[in-house]
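For what it's worth, our numbering labels the leading residue of the sequence shown as 91, then goes sequentially. Every residue gets a Cβ at the ideal spot worked out from N, C-alpha and C, and that includes glycine. Shown next, in structure tokens, is the structure this report addresses.
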Amino acid sequence: MAQGLWIGMNYFSQFAQFVKEAVHELKLVSWLSRQQMMASTIVVIFFTLLMAMYVSLVDRVLLFFAQILFRIG
Numbered sequence: 091m092a093q094g095l096w097i098g099m100n101y102f103s104q105f106a107q108f109v110k111e112a113v114h115e116l117k118l119v120s121w122l123s124r125q126q127m128m129a130s131t132i133v134v135i136f137f138t139l140l141m142a143m144y145v146s147l148v149d150r151v152l153l154f155f156a157q158i159l160f161r162i163g
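Quick look at the structure:
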């Protein structure tokens, strides 16, 4: 029983060390400014919508040709 408690404390100690190191690394990160984040978000939303329209267009074209193909066959 005592050995199991020691193993549990070892895991807690390792986890605590991991959290300390993670917090330290997060302090070293250079974060984007609010303006940079907003600009990046707008670009991502724009290209997501653009890709959605492209995929929708390709889907409709393929559906059109599939309907023609299956009507003939």
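Whether residue i touches residue j by CB criterion (8 Å)
| i | j | result |
| --- | --- | --- |
| Ser130 | Leu122 | yes |
Spatial neighbours of residue i in its chain, beta-carbon cut-off 6 Å, leaving aside the 5 residues before and after
| i | result |
| --- | --- |
| Leu118 | none |
Residues near residue i in its chain [Cβ-Cβ closer than 8 Å; skip 5 each side]
| i | result |
| --- | --- |
| Ser103 | none |
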